[in-house]
Amino acid sequence: MEKKDIKIVFFGTSEFAVPIFKKIADNYDVKLVVTSPDKPSGRKMIMTPPPVKAEAENRGLAISQPNFLKRNDSFFEQLRKINPDIIIVVAYGKILPPEIINLPEQGCLNIHGSILPKYRGASPIQTALINGDKETGVSIILMDLGMDTGDIIKSEYLEINPADNFTVLSTKMSEMASSMIDDVIIPYITDELNLEMQDDDRASYCTKIESSMGKVIWSMSASAINNLVRAIAERVGVYTTFNDKKLNIIKSKVVSSCQNQEKYQDLPVGTVVSCMDEQNKSFIAVKCGKGALELEQVQLEGKKPMAVKDFINGQPNFVGSQLK
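In terms of the working numbering, the sequence shown opens at residue 2 and continues consecutively.
The following block contains the structure:
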């Protein structure tokens, strides 16, 4: 069996799906790309195509952007006429109804950003970062009617580095997944692989990331707040309040040492202090429930992102204030 003989319909939307889509489109016969509708983006709310659509257009592939899948007879008829050997789903954003899952002779494969059954659900990469996990991974499963409950075709682990944020980690995972899927499609179709049932007793779940999750609670540990910044600052936003204005924390790190630590030991949580490291370099930190969080890049409501050292030049009362 040759790769180009395999008819594939690809469901995917986000940036995470693009490297995987490229690998599949380079090697297999992609008959249709199914992605989310264009949506307004940026300050000017310009209609913008999903990343997967942009790549599919560059390749001249057929594209469908249904607003819904359930009871969508015309879309299902389009799929039925293609009669794909297999459907591959990566970060698509909608739940596939049974009639689509059961359509291909070889079923539907889903690429999920965790080692299942851990972190079933919508935000496995962010949740791993929020929880401070030291490792994560990618699972390829044969989809069934449950949420990320299908039999595991292949999984691989990946170390999470302390400096990894969502973009860095998801890029690593997507590149790894692109190699994984290329390695398994033909062996899976030719029945050369042993699939593994998931252990539901070991399952854990993650929910969709909401903007309200980005509100900093300074009584939390510095480590927990920094993990939140790593996970969702880029896409959703992690924020506090300064002078009754929203202050986004874009980049931070946990304070490992501070020469004048006694300076903030007895201060209320949320207090901004100026510290000195072992090389006698000053930095700005915030007192937390446990430890302190160094602020590296912030964005005040209505302003552009900037390094903290530049921010305090225009906000001389920032040091000594209490963030809420």
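Ideal placement from N, C-alpha and C gives every residue a C-beta, glycine not left out.
In this text, all values refer to a predicted model and were calculated from it rather than measured experimentally.
Query                                                                                                                                                                 : Result
Which ranges does the alpha helix (DSSP H) cover as unbroken runs of at least 4 residues, wholly within the region 63-123, from first to last along the chain?        : 74-83, 99-102
Of the residues 75, 93, 25, which one's Cα is nearest the Cα of residue 15?                                                                                           : 93
Quick one: which unbroken beta strand (DSSP E) runs of 3-plus residues sit fully inside the region 213-291? Chain order, please.                                      : 240-243, 246-255, 273-277, 283-288
From the DSSP secondary-structure annotation, give me the bridge partner or partners of residue 160.                                                                  : 136
Based on Cα-Cα distance, which residue from 183, 159, 63 lies nearest to residue 172?                                                                                 : 159
When we look at the beta-carbon of residue 140 and count the other beta-carbons within 10 Å, is it buried (16 or more) or exposed?                                    : buried
On the DSSP bridge list, what partners appear for residue 11?                                                                                                         : 34, 89
Grab the span of the beta strand (DSSP E) containing residue 40 for me, first residue to last.                                                                        : 40-42
Would you decide whether residue 121 is buried or exposed? Buried here means 16 or more other CB atoms lie within 10 Å of its CB.                                     : buried
Here's a check: name, in chain order, each residue in its chain whose Cβ is nearer than 8 Å to the Cβ of residue 300, leaving out the five neighbours to either side. : 248, 249, 251, 306, 307
Using three-state DSSP, classify residue 176 as helix, strand or coil.                                                                                                : helix
Give the secondary structure of residue 293 by DSSP, where H, G and I count as helix, E and B as strand, and everything else as coil.                                 : strand
Please say whether residue 289 and residue 219 have beta carbons closer to each other than 7 Å?                                                                       : yes
Below 8 Å CB to CB, which residues in the same chain sit around residue 99 once its five sequence neighbours on both sides are set aside?                             : 146
So the beta strand (DSSP E) residue 47 belongs to, where does it begin and stop?                                                                                      : 47-49
Do the region 195-207 and the region 74-93 make contact, defined as three or more Cβ pairs closer than 8 Å?                                                           : no
Please classify residue 231: is it buried, with 16 or more other beta-carbons within 10 angstroms of its beta-carbon, or exposed?                                     : buried
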